[in-house]
Amino acid sequence: MRTNIVISDELMSDALKLTGARSKREVVEQGLRTLIQLKREEEIRAFRGKLKWEGDLDEARRDR
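Residue numbers for the sequence shown follow the numbering used here, beginning at 236 and rising by one.
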């Protein structure tokens, strides 16, 4: 998808330096992937303490 957006020069410069990305496009795509991953993790964390687990933790550890 082609789109035009206005991004702070300082923000883009910092992102390029910190990520080692070779292009602005790469920075934006990496940022979007990271945002999606964080939001998915947030959805998973919402289940913390709400799912019932049955099993033997010691046995599971021995199976490795």
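Virtual Cβ for every residue (Gly too), placed ideally from N, Cα, C. On a predicted model such as this, the values are computed, not experimentally measured, just so you know.
Rounded separation between residue i and residue j - CA only
i, j, result
"M236", "R283", "36 Å"
"L251", "R275", "25 Å"
"D244", "V263", "13 Å"
"R268", "V241", "19 Å"
"L270", "E277", "10 Å"
"E289", "R296", "14 Å"
"N239", "R280", "34 Å"
Residues near residue i by beta carbon distance below 8 Å, same chain, minus five either side
i, result
"M247", "K259, V262"
"A256", "A250, V262, Q265"
Own chain partners of residue i with C-beta closer than 6 Å, once the 5 adjacent residues on each side are dropped
i, result
"K285", "none"
Beta-carbon spacing of residue i, residue j below 8 Å
i, j, result
"Q265", "T254", "yes"
Quiz item: Where are the alpha helix (DSSP H) runs, 4 residues long or more, that stay fully inside the stretch 245 to 298, in chain order?
Solution: 259 to 280, 292 to 297
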